[in-house]
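In numbering that gives the first Met the number 0, the protein residues as written are 0 to 530.
The structure appears below as structure tokens.
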Amino acid sequence: MFTLSPKPFTRALAFGVVAGVMALGSHAVTAADAVQTSVKIETKNQGAVINKAIYGQFMEHLGRGIYEGVWVGEDSKIPNTKGYRKDVLAALKELQVPLLRWPGGCFADEYHWRDGIGPRDKRPATVNTTWGGVTDDNAFGTHEFMTFAEMLGAEVYINGNLGTGTPQEMAAWLEYLTSDSQSTLANMRRANGRDKPWKVDYFAIGNEAWGCGGTMTPEYYTNLYKHYATFLKTPEDNRPILIASGGHTDQTEWTTTLMENVPETWSMRMDAISHHYYTLPTGDWAKHGAALGFNESEWFDTMFNTLRIEDFIKTNTAIMDKHDPEKKVGFYVDEWGTWYDVAEGDNPGFLYQQNSLRDAVLAGLNLNIFHAYAERVRMSNIAQMVNVLQAMILTDKEKMLLTPTYHVFKMYIPFQDATSLPISIKGENSYVLGDKEIPMVSASAAISTSGKYYLALVNAHPSESRKLAIEADKTFSRVKGQVLTADAMDAHNTFKQPNNLQPKAYKQKAKDGKLILDLPAKSVVVVELLD
Ligand code: AHR
Numbered sequence: 000m001f002t003l004s005p006k007p008f009t010r011a012l013a014f015g016v017v018a019g020v021m022a023l024g025s026h027a028v029t030a031a032d033a034v035q036t037s038v039k040i041e042t043k044n045q046g047a048v049i050n051k052a053i054y055g056q057f058m059e060h061l062g063r064g065i066y067e068g069v070w071v072g073e074d075s076k077i078p079n080t081k082g083y084r085k086d087v088l089a090a091l092k093e094l095q096v097p098l099l100r101w102p103g104g105c106f107a108d109e110y111h112w113r114d115g116i117g118p119r120d121k122r123p124a125t126v127n128t129t130w131g132g133v134t135d136d137n138a139f140g141t142h143e144f145m146t147f148a149e150m151l152g153a154e155v156y157i158n159g160n161l162g163t164g165t166p167q168e169m170a171a172w173l174e175y176l177t178s179d180s181q182s183t184l185a186n187m188r189r190a191n192g193r194d195k196p197w198k199v200d201y202f203a204i205g206n207e208a209w210g211c212g213g214t215m216t217p218e219y220y221t222n223l224y225k226h227y228a229t230f231l232k233t234p235e236d237n238r239p240i241l242i243a244s245g246g247h248t249d250q251t252e253w254t255t256t257l258m259e260n261v262p263e264t265w266s267m268r269m270d271a272i273s274h275h276y277y278t279l280p281t282g283d284w285a286k287h288g289a290a291l292g293f294n295e296s297e298w299f300d301t302m303f304n305t306l307r308i309e310d311f312i313k314t315n316t317a318i319m320d321k322h323d324p325e326k327k328v329g330f331y332v333d334e335w336g337t338w339y340d341v342a343e344g345d346n347p348g349f350l351y352q353q354n355s356l357r358d359a360v361l362a363g364l365n366l367n368i369f370h371a372y373a374e375r376v377r378m379s380n381i382a383q384m385v386n387v388l389q390a391m392i393l394t395d396k397e398k399m400l401l402t403p404t405y406h407v408f409k410m411y412i413p414f415q416d417a418t419s420l421p422i423s424i425k426g427e428n429s430y431v432l433g434d435k436e437i438p439m440v441s442a443s444a445a446i447s448t449s450g451k452y453y454l455a456l457v458n459a460h461p462s463e464s465r466k467l468a469i470e471a472d473k474t475f476s477r478v479k480g481q482v483l484t485a486d487a488m489d490a491h492n493t494f495k496q497p498n499n500l501q502p503k504a505y506k507q508k509a510k511d512g513k514l515i516l517d518l519p520a521k522s523v524v525v526v527e528l529l530d
């Protein structure tokens, strides 16, 4: 899709192009009217299905992500339904969340599921040693998570504890969740209020085994994966998709070692490999960069860094293609998003950050990339759903706001389970800053499950708008949808002004048989293409 490159042409030439266009300004054609870029969509040659799980959300026992963000308890003054806050629940229903990942992250490898079942006042209090050293009263456990997913109509992704748990503990959790037998564990589930077994859609064996999950080598983890996977037994019609913990950023050795050494046998299999990539404006874990109040160079670097994910997907999936040309094994980007410096005064272990128009544009870029590689990238989870990192929702006690990233996820709903369409961008499409260049416009098109055509466009340039000629092998004469943009690069919503940044209606019609769309600077546009 994209190429990230050192600037391919000189500054002088770049100015030359701009100057040439500006010279037309004195004639009838203005600089703004000159169409320099076209987007070509092929509707007849359909691509892969964009699995709705690409729109997955991650909820970890971390900061105020679950406690306060989702769960307040039945006795809370914050309006709630059976302990789940009403405002957040309603906002997530609107978002049509397809998938929830829980309980971590790093937390998963220290989570013992038996701590979170049974009467809440009898559950043990444990210390969350990874995130802030706070006490977790385990009020939110297996039943609370599974009920929450059912309330949202979302599939579930449970991350098992490999780091500090045994194969016996992991197997017992799956039995508790899925068994319809009269075993002690299945009856314990019934006694705790759930008669029918739950469906577990996805199950991961450990998380970030290279780091917080046990500081393992790929070889050591691969052996453990096979060991644990062998004992995960469920009823035949309730077998979760099993996920192995892979690498992060530009690593490929995890994918190589897993693909070379995990065979599919009658007793054991690997359905997907997970991969994590966080975008830091600076690319430096010692000083990530600020969530707000940044300059253009930080904006550019954030976009440049996030677009690197395409290379990570390409290199890893090329390895997978060698071993698995039928693409049976998925490549799941099950943690992604921005990670900024914690604001002064906030608990550094809570990873709370504001979310601006920059996050929205970045979300659009990532989603367009995931669509383009949908054959293998069949799941992704943004980190994280509420109050943590690149969140959809922020809360402050009884107050709640929807972030710019929430709005992008909502605009992209028609892409869930849609079939991707080949798309190409021709003509002038570069954003150059210093000695680096990225594409200015990113695009994705698909035909939805209801047979409608959709186009998503992202303009990563903070100050230049673009006119785009839309070309297709089918006539489209108008579009209707929404645009998200603002004047400031760090425009965002606050608890005092929660509706400061919201999508607005967007409509355009063809003139003289040409469909030309105005794409504002720093914007995300999603439209339905109409005859
Ligand atoms: O999302 C926050 C943390 O980032 C997760 O717990 C971990 O998997 C990753 O390092």
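Cβ coordinates follow ideal geometry from the N, Cα and C atoms, glycine included.
Quick caveat, the model's predicted, so the values are computed rather than measured.
Own chain partners of residue i with C-beta closer than 7 angstroms, once the 5 adjacent residues on each side are dropped
{"i": "Gly480", "result": "Tyr505, Val524, Val525, Val526 and Glu527"}
{"i": "Val28", "result": "For Val28, the predicted model reports a pLDDT of 38, less than 50, meaning its position is unreliable and no value from the coordinates is stated."}
{"i": "Met267", "result": "Lys225, Ala228 and Thr229"}
{"i": "Leu184", "result": "Ala171, Glu174, Tyr175 and Ser178"}
{"i": "Lys43", "result": "Asp472"}
CB-CB length for residue i against residue j, believed under 8 angstroms
{"i": "Gly336", "j": "Ile381", "result": "5 angstroms"}
{"i": "Met439", "j": "Ala455", "result": "Not confirmed; about 15 angstroms, so no contact."}
{"i": "Ser522", "j": "Leu467", "result": "The Cβ separation is near 12 angstroms, so there is no contact."}
{"i": "Gln353", "j": "His491", "result": "6 angstroms"}
{"i": "Asn499", "j": "Ala442", "result": "Asn499 to Ala442, Cβ: 27 angstroms. No contact."}
{"i": "Ser464", "j": "Ala520", "result": "5 angstroms"}
{"i": "Val69", "j": "Val385", "result": "6 angstroms"}
{"i": "Val387", "j": "Glu59", "result": "7 angstroms"}
Other residues of its chain near residue i: CB distance less than 6 angstroms, five sequence neighbours each side excluded
{"i": "Pro497", "result": "Leu400"}
{"i": "Leu397", "result": "The displayed chain sequence assigns Glu, not Leu, to residue 397. Excluding residues within five positions, the ones whose Cβ falls inside 6 angstroms are Ile77."}
{"i": "Tyr220", "result": "Ala208"}
{"i": "Pro217", "result": "Glu252, Trp253 and Thr256"}
{"i": "Gln507", "result": "Val478 and Leu516"}
{"i": "Leu432", "result": "Phe299"}
{"i": "Asp270", "result": "Ile240 and Leu241"}
Straight-line gap, residue i to residue j (C-alpha atoms, nearest Å)
{"i": "Leu241", "j": "Val261", "result": "12 angstroms"}
{"i": "Asn222", "j": "Ala228", "result": "10 angstroms"}
{"i": "Ala417", "j": "His406", "result": "19 angstroms"}
{"i": "Thr448", "j": "Gln389", "result": "28 angstroms"}
{"i": "Ser182", "j": "Ile318", "result": "42 angstroms"}
{"i": "Ala171", "j": "Phe311", "result": "35 angstroms"}
{"i": "Ile284", "j": "Val332", "result": "Inspection of the sequence shows that residue 284 is occupied by Trp rather than by Ile. Near 20 angstroms, if we compare the C-alpha coordinates of Val332 and Trp284."}
{"i": "Ala371", "j": "Phe57", "result": "22 angstroms"}
{"i": "His247", "j": "Lys510", "result": "47 angstroms"}
{"i": "Ala444", "j": "Tyr277", "result": "25 angstroms"}
{"i": "Asn50", "j": "Glu309", "result": "18 angstroms"}
{"i": "Pro597", "j": "Glu436", "result": "In the structure as shown, the chain starts at 0 and stops at 530, and residue 597 therefore has no counterpart that could be examined."}
{"i": "Gly426", "j": "Asp320", "result": "32 angstroms"}
{"i": "Lys327", "j": "Leu364", "result": "26 angstroms"}
{"i": "Glu470", "j": "Gly46", "result": "18 angstroms"}
{"i": "Leu518", "j": "Ala190", "result": "57 angstroms"}
{"i": "Lys81", "j": "Trp197", "result": "19 angstroms"}
{"i": "Gly192", "j": "Gln250", "result": "44 angstroms"}
Beta-carbon proximity list for residue i, same chain, < 8 angstroms, skipping 5 on both sides
{"i": "Val199", "result": "Val155, Ile157, Leu173, Leu176, Thr177, Thr233, Asn237 and Pro239"}
{"i": "His26", "result": "Note that His26 has pLDDT 33, beneath the 50 cutoff, so the model's placement of it is unreliable and the number below is only indicative. Nothing meets the Cβ criterion."}
{"i": "Ala124", "result": "Thr134, Asp135, Asp136 and Asn137"}
{"i": "Met169", "result": "Gly159, Asn160, Leu161, Ile204, Tyr227, Phe230 and Leu231"}
Residues sharing a beta bridge with residue i, DSSP
{"i": "Arg465", "result": "Leu518"}
{"i": "Phe330", "result": "Ile272"}
{"i": "Trp70", "result": "Tyr66 and Tyr83"}
{"i": "Glu527", "result": "Tyr453 and Lys479"}
{"i": "Asn354", "result": "Paired residue(s): none; Asn354 is not in a bridge."}
{"i": "Phe57", "result": "Arg100 and Ala382"}
(message) Could you check whether the segment 419 to 428 touches the segment 134 to 146, counting it as contact only if at least three pairs of C-beta atoms, one from each stretch, sit closer than 8 angstroms?
(response) no
(request) Say whether the segment 106 to 117 touches the segment 72 to 89, bearing in mind that this needs 3 or more beta-carbon pairs closer than 8 angstroms, one atom from each stretch. (result) no
(message) Whether or not the segment 201 to 218 and the segment 289 to 304 are in contact is what I'm after, with contact meaning three or more pairs of Cβ atoms, one per stretch, closer than 8 angstroms; do they touch?
(response) no
(request) Count the CB pairs spanning the segment 96 to 109 and the segment 123 to 130 that are closer than 8 angstroms, and state whether there are at least three. (result) yes
(message) Quick test of the definition: if touching needs 3 or more C-beta pairs under 8 angstroms, does the segment 464 to 482 touch the segment 324 to 342?
(response) no
(message) Would you call the segment 363 to 383 in contact with the segment 157 to 166, where contact means no fewer than 3 C-beta pairs closer than 8 angstroms?
(response) no
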